[in-house]
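Position in the sequence shown counted from 1, then plus 16, gives you the numbering used here.
Backbone N, C-alpha and C define an ideal beta-carbon position, used for all residues, glycine too.
See structure below.
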Amino acid sequence: MQKIVITGGTGFVGRAVCEHLFEQDASCRLVVPTRRLANGRALQILPAVDLVEADVHDPRAMAAVLQGADALVHLVAILHGSAADFDRVHVQLPRSLAAACAQAGVRRVLHVSALGVGLQAPSNYLRSKAAGEAVWQQALAPSGGQPGGDLTILRPSVIFGAEDRFTNLFAKLSRLFPVLPLAGTGARFQPVWVGDVAQAVVRSLQQRPGPGPIVECAGPQVMTLQEIVQEVGALAGHRRPVLPLPEAVGMLQAAAMGLLPGEPMMSRDNVLSMRVPNVASGRLPGLRDLGITPQSLDTLASHFRPADPRAR
């Protein structure tokens, strides 16, 4: 029976990954560390999932969790925060987990990153994601005559699904406002369904060797942010016009949102990230190389209520 540890398993993507892994092999043991067991309530219906109370940032605690594991699937990420926050989660956490993996003897790692990453990218998010990839690549590289580990990096575009914050937010806004003022309307994305990303995790763990060490996870359509917002609005029954804002105004808008309580809808760092096209390069393997036919945004049609032409 395989033991797979999933960091970030209680999140939006993590829950889908656990469900797909269980569907493929009900005998596997999925271990999901979390600071609070209540965070994993939605996973408790899966008999294969063991929720373990542990701090993923504690290398000794994680070394204990990883003992006897066949693989680590690392999904932890943030979209908002300071440069120090991004460094702590996207760089220092992989470094800590790599040390825990070495101590526990785990040499198979699947790391979920993002399209558009680069050490010279304009945003803290994209730069820190690139640095996190480098941490894993260095940690699992051959050294001192010893063979390296087995690393797969998945780079998804923006991920959508019935429970995602991205499309549900725009659906809600389209119901509330007749016009949506928005920065970065021309930014390009290739939205990918959460089920396809989860299946990519499963196939990558199953198919060794896989199509390559880095796989781009992108949907079938390249869309601008404006097209995505209007398509989501249409699916929710309220297709609204979008008012494009210059980047400078968008930065001010994002700064104002950052002053509100709770997680902001958009941050200045998000605006900077949109300078980089969030689309597949075409130079690396993709979902089809894993035998997955990517689904379009229309997959959400059954989630939102049927569109009412009178509301458009």
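Asked: Residue from H96, Q222, L300 with nearest C-alpha to M281; Found: H96
Asked: Bridge partners - A199, DSSP secondary structure assignment; Found: L261
Asked: Which residues DSSP lists as bridging K5, in chain order; Found: Residue 5 is absent from the model: the chain starts at 17 and stops at 328.
Asked: Cα-Cα separation, P277 to A99; Found: 20 Å
Asked: The segment 188-197 / the segment 46-63 touching (three or more Cβ pairs under 8 Å); Found: no
Asked: Those residues which DSSP pairs with D69 across a bridge; Found: Rather than Asp, the amino acid found at residue 69 in this sequence is Glu. Partner(s): T50.
Asked: Close-in-space but distant-in-sequence residues of the same chain around I20 (CB under 8 Å, 5 per side omitted); Found: L37, C44, R45, L46, V47, A85, D86, A87, L88, V89, L221
Asked: I230 CB to nearest heavy atom of the ligand ADP below 8 Å; Found: No copy of the ligand ADP occurs in the structure displayed, which carries no ligand at all.
Asked: Q119 and L82 closer than 9 Å at C-beta; Found: yes
Asked: Anticipated Cβ contact below 8 Å, V210 with V29, distance rounded; Found: 6 Å
Asked: Residue range of the unbroken alpha helix (DSSP H) whose run includes A137; Found: Taken as a continuous stretch (DSSP letters only), A137 belongs to no alpha helix (DSSP H), as it is neither H nor E.
Asked: Coil, strand or helix - R204 by DSSP; Found: strand
Asked: Minimum C-alpha distance to R219 - residue among D41, T23, G25, T50; Found: D41
Asked: Bridge partner(s) assigned by DSSP for P172; Found: C233
Asked: Range of the contiguous beta strand (DSSP E) that encloses H96; Found: Run containing H96: none; DSSP gives neither H nor E here.
Asked: Helix, strand or coil at S159 according to DSSP, with G and I counted as helix; Found: strand
Asked: Burial state of I94, where buried means 16 or more other Cβ atoms lie within 10 Å; Found: exposed
Asked: Presumed contact (8 Å Cβ cut-off) between S159 and Q206, rounded CB distance; Found: Rounded, the Cβ-Cβ distance is 36 Å, inconsistent with contact.
Asked: Beta-carbon proximity check, M78 vs S112, cutoff 9 Å; Found: yes
Asked: Counterpart residues of I308 in DSSP-defined beta bridges; Found: Partner(s): none; I308 has no beta bridge.
Asked: Closest by C-alpha distance to E39, when choosing among A64, E243, M17, R304; Found: A64
Asked: Straight-line gap, I169 to A150 (C-alpha atoms, nearest Å); Found: 11 Å
Asked: Rounded distance between the beta-carbons of W152 and A214, thought under 8 Å; Found: Between W152 and A214 the Cβ distance is about 20 Å, and since that is not below 8 Å, they are no contact.
Asked: Residue nearest to V208 in terms of C-alpha spacing, selected from H73, D74, P310, V92; Found: P310
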